[in-house]
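The next block holds one structure in the form of structure tokens; read it before the comments.
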Amino acid sequence: MGFRKFINSKTLLSFITAFMLLGTNLLMAQTEAAATTGGQTDAPQVDWTGVAYYLLLFFLVCLGVAVIGKILKIYDLTLKIQGKKGMKWNTVMAVVCLVFLIAGLYGAYWSFTVQGSMTLPEAASVHGVKIDEMFTVTTVLTMIVFFITQILLFGFLFQYRHSDKRRAHFLPHNNTIEKIWTIAPAIVLTVLVVFGFFTWQTIMNTTDTKGDINIDITGHQFAWELRYPGKDGVLGPKDFRMVSAANKLGVNFKKRSSFDDLQVDTMYLPVNKSIRLNIQALDVIHSVYMPHFRVQLNAVPGLPTFFKFTPTITTAQMRTQLDDPKFEYLVYCNKICGGGHYNMQKVVRVVTEAEYQAWLSRQKPYLNDALRKELHFAAADQPKTESQNRLALNN
Amino acid sequence: MSTLAVHDHGVAHHDDHGHEHHHNQSFLSKYVFSMDHKMIAKQFLITGITMAVIAMILSILFRIQLAYPDKTFPLLTTLLGRFAPNGRISADFYLSLVTIHGTIMVFFVLTAGLSGTFANLLIPLQIGARDMASPFMNMLSYWFFFMASVVMLSSFLVQKGPASGGWTIYPPLSALPKAMPGSGEGMTLWLISMVMFVASSLMGGINYVSTVLNMRTKGMDLWKMPLTIWALFLTAILGILAFPVLVAGVVLLIFDRSFGTSFYLSDIVLNGVQQPYEGGSPILFQHLFWFLGHPEVYIVIMPAMGISSEVMSVNSRKPIFGYHAMVYSLIGITVLSFIVWGHHMFVTGMNPFLGGVFMITTLIIAVPSAVKTFNWLATLWRGNIRFTPAMLFAIGMVSFFISGGLTGIFLGNAALDINLHDTYFVVAHFHLVMGSAAIFGMLAGVYHWFPKMFGKMMDEKLGYLHFWLTFIGAYLVFFPMHFMGLDGVPRRYYAFTEFVSMQRWLTVNTFITWAAIMAACAQVAFLYNFISSIFIGKKATQNPWESNTLEWTTPVEHLHGNWPGEIPTVYRWPYDYSKPGAEEDYIPQTVPFSQTMSSNQAHDFEDNPKGLEELNKFNSTLKANEQVK
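Protein chains in written order, with this note's numbering: chain A, 100 to 494; chain B, 82 to 710.
In structure tokens form, the structure reads like this:
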């Protein structure tokens with residue numbers, strides 16, 4: 100009797116839900132139609148079969164669960180009527196724990212091999228190799244702990260499942276063992292800290308801040324702008340007050356060093372040269388993220404930062420290594436910056452020195468014709484004369 | 082036994098009027114503006130569960146977008162209107178979903194829902210108090226929380242949608258209304274909601290601390306408190322010290338947004354237009370935010386740790402291993418959690434020297450966490466484990482805490498963080514160690530103390546179903562994410578279609594989404610179980626889990642003031658399970674040592690020489706008797 104009542108209330112519930120959903124659908128469609136008066140006469144085609152299908156499926160599953168639940172209850176009752184003890188749920192759960200442990204271990208192994216092989220290729224920069232070494236050491240240490248603790252956890256659950264015949268072992272504390280497992284992790288962590296601290300210092304906190312090549316990378320919604328120094332090897336200073344339609348980055352042309360700066364579209368880097376990326380942002384925080392080089396630093400408006408690294412593998416080498424002729428190194432944006440955050444990329448090509456020089460000679464100066472006009476530079480070919488400069492200054 | 086001066090907080094009053102008081106209350110003062118801590122706990126719990134369901138639905142919505150970035154779902158347009166034009170969630174609304182999901186889960190579910198529920202329920206009941214130190218403030222705490230929830234949800238109703246700068250709301254993105262639609266009114270509502278939330282949290286916290294410090298029953302010294310109380314007490318202290326800093330940060334942000342100040346803003350050109358801000362620093366906000374934000378993750382996890390410790394001890398029928406070590410590690414975590422916030426900022430442009438310092442403090446905090454884990458394992462060792470749903474969830478909490486905690490060692494290492502920062506590795510890490518672990522702690526608490534809250538039992542089999550589906554689902558969702566992160570896939574991306582290198586993760590994303598949908602459906606089992614058990618559940622007995630703590634000495638029927646007569650006196654610590662020589666495998670805290678002479682041990686009298694003398698006398702007579710025989 101109780102069983103039948105249960106099913107009835109269930110079906111009733113599903114009917115009510117279906118009815119309500121249908122109702123909201125009608126209601127929503129009406130408001131939609133009312134909102135778009137005249138413009139769109141055909142109401143949006145709502146594909147209810149899909150939703151209804153999944154809802155029905157869900158209710159069927161619920162029904163199945165309810166039926167199984169009732170069967171178990173009846174089985175339990177019959178056992179009790181026969182004078183037996185009823186379902187041993189503690190044992191059932193202990194066995195499930197053991198099954199979970201075995202399945203979980205296999206799943207973790209599968210994930211490590213299949214998905215683990217989909218991760219980044221070897222580091223393409225000098226410091227990246229050090230980071231990868233650290234990563235390997237940390238992974239080995241933590242995975243040992245991971246497997247041991249999880250096996251112990253679920254193993255204990257199975258081993259020490261409830262039994263009426265037994266009493267638990269009264270063990271409130273044991274100072275020796277507690278000392279051991281306080282000191283052991285402390286030692287392991289000290290090793291990791293020392294190792295990590297010095298790696299970090301050499302990468303980020305070094306006094307050697309000058310790179311062979313300075314590159315300016317500026318983030319804005321939603322793109323990266325690149326600026327290379329010209330023949331003088333020096334990037335001209337910038338000031339956000341000087342930003343205009345033609346001078347997107349606000350380069351200060353009062354300074355001579357700005358005149359030969361180059362605006363480029365793709366970040367070309369010569370292999371084995373130290374690169375200093377000067378990182379800035381115009382509007383909100385962005386983050387220069389070049390995972391293949393293990394490079395990341397936020398681009399913060401008002402706070403110029405830099406990251407120094409040395410690429411070691413050219414794009415061509417990486418393509419053969421990965422057997423992917425279309426492979427490109429990329430810069431992503433990795434700090435939430437608005438609706439276009441997910442598509443803020445810039446191609447990076449690591450090339451040989453000769454290719455780099457050839458490419459560099461083809462790049463156009465930042466000071467283009469539109470900017471000259473804006474700054475009232477008279478002649479395109481003599482930007483460096485003093486009088487022209489003064490003219491620019493006066494404006 | 083002395084009956085005098087058990088408690089000096091209006092005992093006589095409650096003794097005389099407690100029962101009638103209970104019946105005289107109107108509906109409004111009993112269920113709505115209640116000042117009874119048990120009712121407030123239930124209010125927190127039910128609001129928390131509601132918010133959790135909402136946040137879970139939001140997560141399913143954005144998971145659908147990640148799994149099927151190219152498909153259209155007309156239903157989404159029907160349900161969400163302008164936020165999902167042409168059957169696809171818009172990029173801005175995707176970020177709103179992520180933001181509000183995070184905010185609700187971290188603050189409304191795992192802070193208020195977890196601490197609010199269990200601190201209110203357990204502190205007076207487990208330390209032996211009639212109610213909170215200030216019941217009125219306790220009520221205000223709930224209603225501020227409720228208002229904060231309403232304001233947060235109401236941001237879905239504004240034209241441009243809710244806040245969408247991520248739950249960390251870093252300026253300038255959150256400060257400039259033109260930077261993204263969500264930084265308009267939605268952000269304003271977020272900030273208002275958060276100020277109210279902090280007010281609620283502070284009122285609650287002050288209450289919890291003062292109750293624990295001042296209102297313990299006779300005999301309940303600090304070292305006899307259950308670990309739940311220790312955890313909730315230290316959590317409250319953390320909250321009191323950390324939350325005001327968030328308010329400071331938020332108020333300065335409000336100033337920047339509305340009054341033209343430049344605390345966080347400088348040198349900004351938005352869409353080609355110079356903004357009049359100079360001299361501020363976005364990093365300042367990050368410092369203020371994470372000064373709360375990092376203690377916050379311990380505010381989230383510590384109550385779950387306390388609950389799990391208690392539940393595991395009760396259901397292993399064994400004392401918690403290393404009670405003192407557990408308390409000291411909680412204290413260690415509390416103190417250290419204030420000096421590690423910079424590990425969220427290794428690559429934000431903060432001085433790299435600071436990065437090195439924060440790395441050291443961060444990895445130190447792993448030591449007390451490791452001690453706790455080993456102690457839990459030792460508690461299970463040679464136990465007599467009963468698999469109640471609460472026990473399973475507590476075990477799940479430990480498993481998640483291990484899995485997620487270990488990846489913290491990667492992220493706490495500044496050098497490794499360079500490449501892992503803000504990738505899916507981080508998402509996997511904190512969803513396991515803080516999200517899943519804390520929610521499992523909360524669910525363990527709900528299953529364990531449901532009989533205390535509602536006087537009914539929950540259905541165990543549905544609990545088992547709920548546990549296994551959720552547990553497996555959570556691992557299926559978050560385990561693969563580690564590898565996405567190791568491939569450099571950034572978080573908070575609307576779609577992975579624009580990068581050729583990320584497209585191969587699409588199948589994994591689809592898999593994760595279906596695992597998430599399965600886990601979400603499993604919550605229906607919980608909701609059904611929870612709601613139906615309130616009305617048609619089996620009646621609970623007074624002490625259904627055969628537990629030692631004080632709350633199980635109160636009658637099943639709630640009454641204002643908790644105990645009908647005088648508050649019981651406490652004689653022993655709460656973990657005397659399976660003590661050799663004892664009749665039952667548990668000895669409640671209210672049983673004096675004089676009644677359990679056969680099971681007393683020397684270390685029960687470490688600070689009680691008289692008792693030790695008695696014990697020795699007893700033992701020697703016992704020996705003498707045996708010799709006579």
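Cβ coordinates follow ideal geometry from the N, Cα and C atoms, glycine included.
Since we're looking at a predicted model, the values are computed, not measured.
Euclidean distance between Cα positions of residue i and residue j
| i | j | result |
| --- | --- | --- |
| B:Thr671 | B:Pro649 | 6 angstroms |
| B:Ala200 | B:Ile310 | 8 angstroms |
| B:Met583 | A:Pro464 | 34 angstroms |
| B:Lys542 | B:Lys620 | 17 angstroms |
| B:Lys471 | B:Pro673 | Residue identity check: residue 471 of chain B is Ala in the sequence provided, not Lys. Going by the C-alpha atoms only, they are around 29 angstroms apart. |
| B:Tyr112 | B:Met120 | 7 angstroms |
| B:Gly692 | B:Phe686 | 6 angstroms |
| B:Lys537 | B:Pro625 | 10 angstroms |
| A:Thr237 | B:Leu283 | 39 angstroms |
| B:Trp595 | B:Leu221 | 41 angstroms |
| B:Thr591 | B:Gly162 | 24 angstroms |
| A:Asn397 | B:Ser235 | 33 angstroms |
| B:Leu513 | B:Val190 | 16 angstroms |
| B:Trp549 | B:Ile130 | 19 angstroms |
| B:Leu109 | B:Pro216 | 16 angstroms |
| B:Ser330 | A:Val333 | Residue identity check: residue 330 of chain B is Gly in the sequence provided, not Ser. Answer to the nearest angstrom: the Cα atoms are 39 angstroms apart. |
| A:Lys264 | A:Leu178 | 21 angstroms |
| B:Tyr175 | B:Phe143 | 6 angstroms |
| B:Tyr545 | B:Met539 | 11 angstroms |
Exposed unless 16 or more other CB atoms sit within 10 angstroms - verdict on residue i
| i | result |
| --- | --- |
| B:Pro669 | buried |
| A:Met443 | buried |
| B:Gly566 | buried |
| B:Pro532 | buried |
| B:Ile717 | This structure gives no information on residue 717 of chain B, because the portion of chain B shown stretches from 82 to 710. |
| A:Phe476 | buried |
| B:Gly554 | buried |
| B:Ala210 | buried |
| A:Thr248 | buried |
| B:Ile466 | buried |
| A:His391 | buried |
| B:Phe434 | exposed |
| A:Gln416 | exposed |
| A:Met242 | exposed |
| A:Thr419 | exposed |
| A:Ala457 | exposed |
Expected contact under 8 angstroms - CB spacing of residue i and residue j to nearest Å
| i | j | result |
| --- | --- | --- |
| B:Met228 | B:Met277 | 5 angstroms |
| B:Pro571 | A:Tyr388 | 7 angstroms |
| B:Leu444 | A:Leu288 | 5 angstroms |
| A:Gly329 | A:Leu361 | 6 angstroms |
| B:Val179 | B:Arg463 | Not quite, the Cβ-Cβ distance comes to about 45 angstroms (not below 8 angstroms), so this is no contact. |
| A:Pro91 | B:Pro363 | An answer regarding residue 91 of chain A cannot be provided, because it is not within the stretch 100 to 494 covered by chain A. |
Residue closest to residue i, alpha-carbon to alpha-carbon, out of the options
| i | options | result |
| --- | --- | --- |
| B:Ile412 | B:Met431, B:Phe402 and B:Gly387 | B:Gly387 |
| B:Phe402 | A:Thr414, A:Phe246, A:Pro271 and A:Leu159 | A:Pro271 |
| A:Ile282 | B:Phe455, B:Phe577, B:Met599 and B:Thr488 | B:Phe455 |
| A:Ala285 | B:Phe143, B:Leu587, B:Val328 and B:Ile441 | B:Ile441 |
| A:Tyr441 | B:Ser659, B:Leu631 and B:Val581 | B:Val581 |
| A:Val194 | A:Tyr259, A:Arg355 and A:Asn304 | A:Tyr259 |
| B:Met431 | A:Leu429, A:Gln462, A:Leu474 and A:Phe406 | A:Phe406 |
| B:Phe506 | B:Gln124, B:Leu492 and B:Ala518 | B:Leu492 |
| B:Val134 | B:Asn643, B:Thr634, B:Ala601 and B:Thr635 | B:Ala601 |
| A:Thr301 | A:Thr409, A:Arg355, A:Leu348 and A:Ala207 | A:Thr409 |
Any non-hydrogen atom of the ligand PLP within 7 angstroms of residue i CB
| i | result |
| --- | --- |
| B:Tyr112 | No copy of the ligand PLP occurs in the structure displayed, which carries no ligand at all. |
Is the region 238-256 of chain B touching the region 428-446 of chain A in the sense that three or more CB pairs, one from each, lie closer than 8 angstroms? yes
Kindly confirm or deny that the region 560-567 of chain B and the region 602-619 of chain B touch, where touching means at least three C-beta pairs closer than 8 angstroms. The region 560-567 of chain B is not in contact with the region 602-619 of chain B.
Counting Cβ pairs closer than 8 angstroms, one from the region 372-384 of chain B and one from the region 416-429 of chain B, do we hit at least three? yes
Examine the Cβ distances between the region 254-272 of chain B and the region 291-298 of chain B and report whether three or more of them are shorter than 8 angstroms. no
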